[in-house]
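Asks: Here it is, the structure in full.
Residue numbers (the numbering used here), protein chains in the order written: chain A, 124 to 431; chain B, 425 to 801.
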């Protein structure tokens, strides 16, 4: 048992982090949010003149060039031929960076839908009662008949509601979503700790106050426990391991982002802070690939001898 | 990332599994929890069997992976836990192995491995629990002896111990972390009084130990005088590292038993309860993966488990309490019956967030040592 990243996996993760920082840094994130918001704070109360967010096609093709979508496509078919573990590491980085777009849907379509692997085709998927990025998609997997736009809580994830019946959730979609949640959990832990070290109140950094320090420690404990679960599920690909990973990762991302907001105090409640974007995206991901209820029921069923 | 075992590790597992299947049916019946002499005999007898079969040193010599396989297989087979050998095998032994002289290793390690001597832990004091470094038990030099006066509390197995890993203050003028010394105290020395403490779980699990001018030879000192805090940190990192690994396997077994019980008594039809058990399944699966992750990290760095042990200890101790709360929900009114095994376990689980560093202390360790937050108060 060598349950740790190999040198190659470490290099892949670092490479993905650098590439994403180059192509989608904090400024790009901010610009995308402002554009989607129709001009930022000035637009409050003025309606959404800018309409739903647009997907950055150049960024999408760049992701294709980096192999983001073709990662698990066999080399014989023109892909990179890596496995689930590597995909999880890259999706974790996408989660950290708050990369927008139907990443999981397009990744799963690579090798199936022409152009998906290279990032030329943007693929959306009907997932439960929702479709992300429907208006920007070149191809849609699943039945999107009767799709109605809703006013999405996440400024960078446009959503449509769909009446279609729920297909059985794809375990790989659950796992890659959990990996994105893990990225959020790690990122909000960093943001909380940075703020707690820097922000002074009562003449001391707020991180010196036990109540704040313990909030930050709780974020880390949830993130690290989720990390072990997500990475293990990537190695075993076992449906119960994947269900466990999603439960832990959803919790680490959502509660982590909330606690991070709390650590930021009033600043955390503003539109300018990055924290709400993490929380909103984490909430969006909790609705993907079946909800947490399905995962809990799967794990309960796995406890009984009849279905073990 | 690889969760598979090497052929050698698989061979070890197969041999151990076969030995356990052969050995466990021949064990004597378990003594009751408050029969201390019986527990001592039983636990030492188990250790003796491990020694004769060549498994006694697994806790020390084997690679962390093999140690994990050992814990997994013994727990899965329902083998006895380390019990009264806990402190000797998992604390004092590793500490003496790492910090002791050759003579000290030769004197104390073989009897621990052979199941001949029991150790207890003289760390906590009435005024120094979580703030361990505030301990006041004094020791001063008199010729070739230290003379020790003070008291210790929460000392597990003190009634039946031969030795105590004792922390004493030898440098009263030094800063509190710098004036501490680690001594091996013979429990039959004149001047020692042991008074069992009844816990909320019923039987006496702990004792108070009173020390009145007890003479401890200077050769029983492990590490340098006034260097006991560093020596102790070596011990505690073992405590928070892999010491709980076997218990995670045990919790997973209890969880499966809860599902069986709930099916029997009809509680399984309640979706809220099913979801709660499903969530606990996720939790304990994750804790097992976290153990494997920490063990692999320790293996890679070739050493002692780091602050990651605090992450595990904190999460595990709360999960264990949640497990037995869920058991109470499955049992319904029977959860108040002390003859149902989960009821006493629910009570003893209350100690987990306090013992070996409270959850609040673990949070502070994580905040300071992993996240680099300023030291608080």
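Just so it is clear, CB atoms sit at the ideal spot from N, CA and C, and this is done for glycine as well.
Cβ closer than 9 Å: which chain B residues qualify as neighbours of residue 318/A?
Replies: Within chain B, no residue has its beta carbon less than 9 Å from that of residue 318/A; the closest one is some 11 Å off.
Asks: So which residues on chain A does residue 428/B lean against when the C-beta distance must stay under 8 Å?
Replies: 124
Asks: Going by DSSP in three states, residue 429/B sits in which element: helix, strand or coil?
Replies: coil
Asks: Please state whether DSSP places residue 740/B in a helix, a strand or coil.
Replies: helix
Asks: Please name the residues in the region 386-409 of chain A whose beta-carbon is closer than 9 Å to at least one beta-carbon of chain B, in chain order.
Replies: Listed in sequence order: no entries.
Asks: Any beta-carbon of chain B closer than 8 Å to the one on residue 339/A?
Replies: yes
Asks: Would you be able to state if there are at least three C-beta pairs under 8 Å between the region 494-503 of chain B and the region 667-676 of chain B?
Replies: Here the region 667-676 of chain B lies against the region 494-503 of chain B, with 3 or more beta-carbon pairs under 8 Å apart.
Asks: By Cβ distance below 8 Å, which residues in the same chain neighbour residue 454/B in space, the five residues on each side in sequence not counted?
Replies: Excluding positions up to five away in sequence, the list reads 466, 504.
Asks: For the region 313-399 of chain A, which segments carrying the beta strand (DSSP E) assignment without a break, of at least 3 residues, lie completely within its bounds, in sequence order?
Replies: none
Asks: With respect to the alpha helix (DSSP H) encompassing residue 714/B, which residues constitute its N-terminal and C-terminal limits?
Replies: 695-725
Asks: For residue 443/B, I'd like the list of residues in its chain whose CB is within less than 6 Å of its CB, leaving aside the five on either flank, ordered along the chain.
Replies: 477
Asks: By DSSP, does residue 148/A sit in helix, in strand, or in coil?
Replies: coil
Asks: Taking the DSSP output, what are the residues bridged to residue 254/A?
Replies: 249/A, 283/A
Asks: Can you pull the chain B neighbours of residue 280/A, defined as C-beta to C-beta under 8 Å?
Replies: Those do not exist, as residue 280/A stays about 26 Å from chain B at its closest Cβ, beyond 8 Å.
Asks: Does any residue of chain B bring its CB to less than 8 Å from the CB of residue 166/A?
Replies: Reliability fails at residue 166/A, whose pLDDT of 47 lies under 50, so the model's placement of it is uncertain and the value that follows must be treated cautiously. Not one chain B Cβ lies under 8 Å of residue 166/A.
Asks: Work out the CA separation of residue 309/A and residue 142/A for me, nearest whole Å.
Replies: 18 Å
Asks: Determine the direct distance from the alpha carbon of residue 521/B to that of residue 644/B, and round the result to whole angstroms.
Replies: One Cα belongs to residue 644/B, the other to residue 521/B, and the distance between them is close to 14 Å.
Asks: Listed in chain order, which residues of the region 739-757 of chain B have Cβ atoms closer than 8 Å to some Cβ of chain A?
Replies: 739
Asks: Identify whether residue 547/B lies in helix, strand or coil by the three-state DSSP scheme.
Replies: coil
Asks: Give the list of continuous beta strand (DSSP E) stretches no shorter than 3 residues that lie fully inside the region 529-615 of chain B.
Replies: 543-546, 562-566, 569-576, 587-593, 604-610
Asks: Is DSSP giving residue 274/A helix, strand or coil here?
Replies: Three-state result, residue 274/A: coil.
Asks: So the candidates are 178/A, 239/A, 127/A; which of them puts its Cα closest to the Cα of residue 489/B?
Replies: 127/A
Asks: Is the closest heavy atom of the ligand PLP to the C-beta of residue 703/B under 7 Å?
Replies: Among the components of this structure there are no ligands whatsoever, and the ligand PLP is therefore not found.
Asks: Determine the burial state of residue 456/B: buried for a count of at least 16 other Cβ atoms within 10 Å of its Cβ, exposed for fewer.
Replies: Under the 10 Å beta carbon count, residue 456/B is surrounded by fewer than 16 other beta carbons and is classified as exposed.
Asks: Starting from residue 262/A, follow the beta strand (DSSP E) in both directions and report where the run begins and ends.
Replies: Segment 262-264, the beta strand (DSSP E) holding residue 262/A.
Asks: Name, please, each residue of chain A whose Cβ falls closer than 8 Å to the Cβ of residue 705/B.
Replies: 363, 367, 422, 423, 425, 426
Asks: Going by the CB atoms, is the gap between residue 735/B and residue 344/A shorter than 8 Å?
Replies: In this structure, the beta-carbon distance from residue 344/A to residue 735/B falls below 8 Å.
Asks: Which one of 210/A, 360/A, 285/A has the shortest CA to CA distance from residue 306/A?
Replies: Cα-wise, what sits closest to residue 306/A is 210/A.
Asks: With which residues is residue 401/B paired in a DSSP beta bridge?
Replies: What is shown of chain B runs 425 to 801, which leaves residue 401/B out entirely.
Asks: Give the DSSP-derived three-state secondary structure of residue 243/A in the structure shown.
Replies: coil
Asks: Quick one: does residue 196/A have its CB under 8 Å from some CB of chain B?
Replies: No, residue 196/A lies away from the interface with chain B (no Cβ there is under 8 Å from its Cβ).
Asks: I'd like to know if residue 191/A contacts chain B, where contact means its C-beta is closer than 8 Å to some C-beta of that chain.
Replies: no
Asks: Where does residue 125/A fall in DSSP's three states?
Replies: strand
Asks: Would residue 689/B be called buried (16 or more neighbouring beta carbons within 10 Å of its own) or exposed?
Replies: The residue is exposed, with fewer than 16 neighbouring Cβ atoms inside 10 Å.
Asks: Please confirm if residue 430/A has its CB atom under 8 Å from at least one CB of chain B.
Replies: A caution first: residue 430/A carries a pLDDT of 40, below 50, which makes its placement in the model too unreliable to give a value.
Asks: Name the two residues that bound the continuous alpha helix (DSSP H) containing residue 669/B.
Replies: 669-689
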